[in-house]
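Heads up: the sequence shown begins at 587 in the working numbering, then just goes up one per residue. For each residue, glycine too, the CB sits at the ideal point set by N, CA and C. For clarity, every value in this text was computed on a predicted model and none was experimentally measured.
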Amino acid sequence: MSDLQITTITVSNNDDLGNGTTKRKIGYTGSFSDGTHTEGFILLSEEEFLKTNFSDLKNTIGNRLIENLGGQISGK
């Protein structure tokens, strides 16, 4: 998983998800060195989004992707 290259990141406006919860939808596309591709999105609270810089956002996407695929993050 260490060879994942995030190629595109898109950020949507803060959306109401119901029950008073609003989140930012962060879309991504990426590829691995073996030529396979992945795409999807993560949801971040507005507070978490505002305190995240671009480098951290790439790491957050990578970490969430690993966790969603059943992997574990070292040191977590």
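Rounded separation between residue i and residue j - CA only
i	j	result
E653	L630	15 Å
S617	D589	8 Å
I647	F640	11 Å
N599	F635	11 Å
E633	T622	33 Å
I612	I595	7 Å
L655	N605	28 Å
Cβ separation of residue i and residue j, assumed to be a contact under 8 Å, to the nearest whole Å
i	j	result
D620	K609	Their Cβ separation, rounded to whole angstroms, is 32 Å, which puts D620 and K609 out of contact at 8 Å.
T638	T615	Not really, about 19 Å apart at Cβ, beyond 8 Å.
Extent of the continuous beta strand (DSSP E) to which residue i belongs
i	result
I628	H623 to S631
Segment limits, alpha helix (DSSP H) that includes residue i
i	result
K611	It is not in any alpha helix (DSSP H) - K611 instead sits in the beta strand (DSSP E) that spans T608 to S617.
Exposed unless 16 or more other CB atoms sit within 10 angstroms - verdict on residue i
i	result
I659	exposed
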